[in-house]
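Engineer: Structure incoming, see below.
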Amino acid sequence: MSAAYDVREVLGDEDREACFAVRREVFVEEQGVPRELEYDAYDATAVHVLAIRGDGLPLGTGRLLHGADAVGRTGGDASVGSLGRLAVAKAARGLGVGAALVRGIEDAARERGLTAVDLHAQTHALGFYERLGYEAYGPEFPDAGIPHRAMRKAL
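First residue of the sequence shown: 777, per my numbering; consecutive thereafter.
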């Protein structure tokens, strides 16, 4: 697979459906997350970021919650965004797509005046996020039956 791809904020329904297709592949099919937990009301207001190959193949996605939508996930701090639903298609792993998506989400957070980004990382992914400057805090907790830790990075 070619490593040439772009990362962009979602522009319309076609991009949003591409994001949902990647999330379905990774979370629902690979990890067994129930479909009703994977898709939520925040999808309507979140900033979605899409990694897409030049031929239109979606490679990965993530989303940023901000403002009132993020407050419950960021300890009540409206200046902190919440990165979530980061997923990279199996065929695109190892190409740097995940890191590029995180940078795209951080850029979207900066554009909205946010001072930091929080996330809930699956514990197997802690090292990935630590390499990108995130620090874990608080105890491990389950989310959809998968162990997670909270992490934060100041922007």
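Beta carbons are placed, not taken as given, at the ideal position from N, Cα and C, and that holds for glycine.
1. Please classify Lys866: is it buried, with 16 or more other beta-carbons within 10 angstroms of its beta-carbon, or exposed?
2. What three-state label does DSSP hand Tyr905 in the structure shown?
3. Using a Cβ-Cβ cut-off of 7 Å (strictly less than) and excluding sequence neighbours within five positions of Glu814, which residues of its own chain qualify?
4. From Gly874 to Leu895, what distance separates their C-alpha atoms?
5. Give the DSSP-derived three-state secondary structure of Gly880 in the structure shown.
6. Near Val809, what residues of its chain come up, given a Cβ to Cβ distance below 6 Å and the 5 sequence neighbours on each side ignored?
7. Contact between the segment 843-859 and the segment 890-907: three or more CB pairs below 8 Å?
8. DSSP three-state call for Thr837: helix, strand or coil?
9. Please name the residue or residues paired with Phe917 in a DSSP beta bridge.
10. Could you have a look at Gly874 and say whether DSSP puts it in helix, strand or coil?
11. Using the Cα positions of Ala817 and Arg829, report the straight-line distance between them to the nearest angstrom.
12. Just the Cα atoms here: how many angstroms apart are Gly851 and Phe904?
13. Over what stretch of residues does the alpha helix (DSSP H) that includes Ala794 continue unbroken?
Structural biologist: Per the coordinate set shown:
1. Counting Cβ neighbours within 10 Å, Lys866 comes out exposed, since fewer than 16 surround it.
2. It is helical.
3. Take Glu814, set aside five residues on each side of it, and the residues of its chain with a beta-carbon closer than 7 Å to its own are Arg799, Phe803, Val804, in chain order.
4. If I take the Cα positions, the gap works out to 14 Å.
5. It is helical.
6. These residues qualify, in order along the chain: Phe803, Ala920.
7. Judged by pairs of C-beta atoms under 8 Å, the segment 843-859 touches the segment 890-907, as three or more such pairs exist.
8. In this structure, DSSP gives Thr837 an extended state, which the three-state scheme calls strand.
9. Bridge partners of Phe917: His924.
10. Correct three-state label for Gly874: helix.
11. Approximately 28 Å between the Cα atoms of the pair.
12. Near 23 Å, if we compare the C-alpha coordinates of Phe904 and Gly851.
13. That run of the alpha helix (DSSP H) goes 789-799.
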